[in-house]
Amino acid sequence: MTVRLAGPPDDPALPRVDMDLLRARASEALAALGHARSELSLTLTDDRGIAELNEAWRGKRGPTDVLSFSLVEGDHAEHRGALLGDVVIGVSQAARQARAAHRALDRELADLAIHGILHLLGHDHEEEGEARAMRAEERRLRRALGLVRDARPSRSARPGTRRGRRR
1 MTVRLAGPPD DPALPRVDMD LLRARASEAL AALGHARSEL SLTLTDDRGI
51 AELNEAWRGK RGPTDVLSFS LVEGDHAEHR GALLGDVVIG VSQAARQARA
101 AHRALDRELA DLAIHGILHL LGHDHEEEGE ARAMRAEERR LRRALGLVRD
151 ARPSRSARPG TRRGRRR
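In our numbering, the protein residues as written are 1 to 167.
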């Protein structure tokens with residue numbers, strides 16, 4: 001399998017990304033999905049770059065976290081070869097989300113890559129049933145990649161109480 005990475009832009013304001021780790025996680029996700037022989041294009045960009053794509057392709061203003069451009073479906077799908085399509089991740093938006101969720105940027109990028117890859121393969125979350133199925137597949141892939149939180153209760157949790165799980 002081939003994961004082709006591009007970016008992020010050469011901007012000292014952008015956080016550092018472990019490109020080797022991201023490539024490895026994307027490859028592992030493809031393998032777990034039965035697409036070990038497939039090819040993926042993964043691009044990291046800044047707020048401006050992803051906002052331009054978001055407006056051009058979705059008609060929505062402003063940056064987003066991830067966009068997917070599938071070659072699996074639609075016109076000319078029969079000419080795609082092994083390439084599933086392109087996943088574009090907004091690194092600045094991913095960094096903001098990681099900070100808000102109190103997790104590492106590398107974990108957030110892996111989650112966004114998984115989400116984008118699932119979109120390439122036809123998953124969606126417009127309707128509740130589709131969203132449930134997509135979330136379940138995201139959880140399965142996070143487990144397969146070893147990206148799950150330790151499920152043991154914290155020391156501060158009182159015996160006999162249930163803790164909610166954070167996404």
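Don't be surprised by glycine CBs; every beta carbon is placed ideally from N, CA and C.
query	result
Taking 8 Å as the cut-off, decide whether the C-beta atoms of L53 and G7 are in contact.	no
Rounding to the nearest angstrom, what Cα-Cα distance links D18 and R132 in this structure?	30 Å
Excluding five sequence neighbours on each side, which residues of the same chain lie with their C-beta closer than 6 Å to the C-beta of P9?	D46
So is R142 buried or exposed if we call it buried at 16+ other beta carbons inside 10 Å?	buried
State the start and end residues of the unbroken beta strand (DSSP E) segment that holds S92.	Taken as a continuous stretch (DSSP letters only), S92 belongs to no beta strand (DSSP E), being part of the alpha helix (DSSP H) at 91-101.
Name the two residues that bound the continuous alpha helix (DSSP H) containing L22.	19-32
May I have the straight-line CA-CA distance separating R155 from S70, to the nearest angstrom?	Low local confidence applies: a pLDDT of 37 at R155 is under 50, so the model's placement there is unreliable, with the coordinate-based value given in what follows. Whole-angstrom Cα-Cα distance: 45 Å.
Anyone know if the C-beta pair for V72 and G122 falls short of 8 Å?	yes
Could you pull out every unbroken alpha helix (DSSP H) segment of at least 4 residues lying fully inside the region 39-85, listed in chain order?	47-58
Can you tell me whether L145 is helix, strand or coil according to DSSP?	coil
What separation, rounded to the nearest whole angstrom, lies between the Cα atoms of D124 and L5?	24 Å
Does DSSP put A6 in a helix, a strand or coil?	strand
With distances taken from CA atoms, which of L83, G74, S68, A104 is nearest A35?	For clarity, residue 35 is His in the given sequence; the question names Ala instead. Residue L83 is the option with its Cα nearest to H35.
Rounded to whole angstroms, what is the Cα-Cα separation between A51 and D65?	10 Å
For the ligand NAD, is there a heavy atom less than 7 Å away from the beta-carbon of G116?	This structure does not include the ligand NAD; it has no bound ligands of any sort.
From this set, M134, S41, L22, E28, which residue's C-alpha is nearest R80's C-alpha?	S41
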